[in-house]
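**Student:** UniProt numbering applies: residue 7 is where the sequence shown begins, and numbers increase by one. Glycine included, each C-beta is placed from N, C-alpha and C at the ideal position. Predicted, not measured: the structure shown is a model, and the values here were computed from it. Submitted below is the structure of interest, expressed as structure tokens.
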Amino acid sequence: HESELDLLKRQLPIWLASSKELCLEGKVASYIPELSKAPQEALGIHIIDQAGHSVTAGDSGLTFTMQSISKVFTLLLALMDNGEDVVFDKVGMEPTGDNFNSMLKLELVQPGIPFNPLINAGAIAISSLIAGGTSEEKSERTLQFFRKLARNDSLSYDMAVYRSEAESADLNRSMAYFLKDNGVLKGNVNEVLDIYFRHCSISVTCADLARMALVLAYNGTDPLTGVNLIPRRYVQIAKTFMVTCGMYNASGEFAIEVGLPAKSGVAGGILTMVPGRYGIGVIGPSLNPKGNSIAGVHVLETLSREMDWSLF
Ligand code: GLN
7 HESELDLLKR QLPIWLASSK ELCLEGKVAS YIPELSKAPQ EALGIHIIDQ
57 AGHSVTAGDS GLTFTMQSIS KVFTLLLALM DNGEDVVFDK VGMEPTGDNF
107 NSMLKLELVQ PGIPFNPLIN AGAIAISSLI AGGTSEEKSE RTLQFFRKLA
157 RNDSLSYDMA VYRSEAESAD LNRSMAYFLK DNGVLKGNVN EVLDIYFRHC
207 SISVTCADLA RMALVLAYNG TDPLTGVNLI PRRYVQIAKT FMVTCGMYNA
257 SGEFAIEVGL PAKSGVAGGI LTMVPGRYGI GVIGPSLNPK GNSIAGVHVL
307 ETLSREMDWS LF
């Protein structure tokens, strides 16, 4: 009887190959100029189980920046630093149905409070809640937290992407000033944005994402060590946001076609998991019009269907 991991080892390269041609139908993000250097035709995946066994296929060795994937983990850190009441005083719990960088709804419903922590406005508000004496200290705590979850002490920033975003982020800057005026964001706007640009530019591989996802798949406890790193309740909150808002305004379709908690980033990464079983990292820099990896989403659809992984 073949194990599931053996089946994956055999099938994954085939499924990956049949998704790869989609890369040419998408576009690499260019609104952060440095991101446009990523290879359009790359596609890679890494899957890890609770014993540390892994399956990897395609261009899984590629390094890329986390971008919006980091928002899941800054939310978790902000929850650990402040508790639920403080965090949900500043951000809501609902999907917007708009693009990740939309400011359309910032003035609606709850005046001035971003709809959720995974859109840019919400994530910028979350960046301002991370504990620390200075903005350098807040960024350092964030990086250390990410390193611990990825079990990789060499995780660091891609400084070229960081600078490129800082130089081109007029929309994010304007949202941050708006949030400050509404009292959502406290302190120095430029310092908060610096924390945000830094965590977005943390450089990873699919294996790093898979290990971070594994901790979420096991409700905050690293199954490889048995050490609890995040309270279970906060992981539950983060995973629920991943289902409802993790793929931006394609989250509904992704829930139907894949049915797993996931978070994408504009560099083409997707972090997802099969709860209680696997952590998964995917990279495919070519994006669909909603800003998700076009081939990455397709390979996850195939995997979920073939392996019967949907939670629903
Ligand atoms: N750093 C990016 C931005 O703020 C993150 C967006 C994303 O990955 N969707 O635009």
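Which residue marks the beginning of the alpha helix (DSSP H) containing S257, and which one marks its end?
**Tutor:** 257 to 263 is the span of the alpha helix (DSSP H), which, as asked, contains S257.
**Student:** May I ask you to report which of helix, strand or coil DSSP gives S160?
**Tutor:** DSSP places S160 in coil when its eight states are reduced to three.
**Student:** Going by alpha carbons, who is nearest to I125 out of N88, L112, A137?
**Tutor:** When each option's Cα is compared against that of I125, the closest is L112.
**Student:** Just to confirm, does S209 get its C-beta within under 7 Å of one of the non-hydrogen atoms of the ligand GLN?
**Tutor:** No; taking the cut-off as 7 Å, the Cβ of S209 has no heavy atom of the ligand GLN nearer than that.
**Student:** DSSP state of N234, grouped into three classes?
**Tutor:** Reduced to three states, the DSSP call for N234 is strand.
**Student:** Using only the alpha-carbon positions, how far apart do F151 and L82 sit?
**Tutor:** Roughly 10 Å between the two C-alpha positions.
**Student:** Where does the unbroken beta strand (DSSP E) through D314 begin, and where does it stop?
**Tutor:** Looking at the DSSP string, D314 is not in any beta strand (DSSP E), and its letter there is neither H nor E.
**Student:** For D164, which residues from the same chain have a beta carbon less than 6 Å from its beta carbon, with the 5 sequence-adjacent residues on both sides left out?
**Tutor:** Cβ within range, chain order: T71, S207, S209.
**Student:** Buried or exposed: which applies to P295, given that a residue is buried once 16 or more other Cβ atoms fall within 10 Å of its Cβ?
**Tutor:** Exposed, by the Cβ-count rule.
**Student:** Note down the Cα distance separating A23 from L30, rounded to an integer number of angstroms.
**Tutor:** Their backbone Cα atoms lie some 13 Å apart in a straight line.
**Student:** Indicate, with yes or no, if the ligand GLN has a heavy atom lying under 7 Å from the CB of V34.
**Tutor:** V34 Cβ: outside cutoff for every heavy atom of the ligand GLN.
**Student:** Output needed for A63: all residues of its chain with C-beta closer than 6 Å, excluding positions within five of it in sequence on either side, in chain order.
**Tutor:** Only L18, P19, L22, I51 meet the Cβ criterion.
**Student:** My output table needs one value for A63: the three-state DSSP class, helix, strand or coil.
**Tutor:** Three-state DSSP puts A63 in a strand.
**Student:** When the Cα atoms are used, what is the spatial distance from V280 to G274?
**Tutor:** Distance between the alpha carbons of V280 and G274 is about 20 Å.
**Student:** Going by the DSSP bridge assignment, what does F70 pair with across the sheet?
**Tutor:** In the DSSP output, where bridge partners are listed per residue, F70 has V210.
**Student:** Just reading off the beta strand (DSSP E) that I276 is part of, what are its end residues?
**Tutor:** First-last of the beta strand (DSSP E) with I276: 275 to 280.
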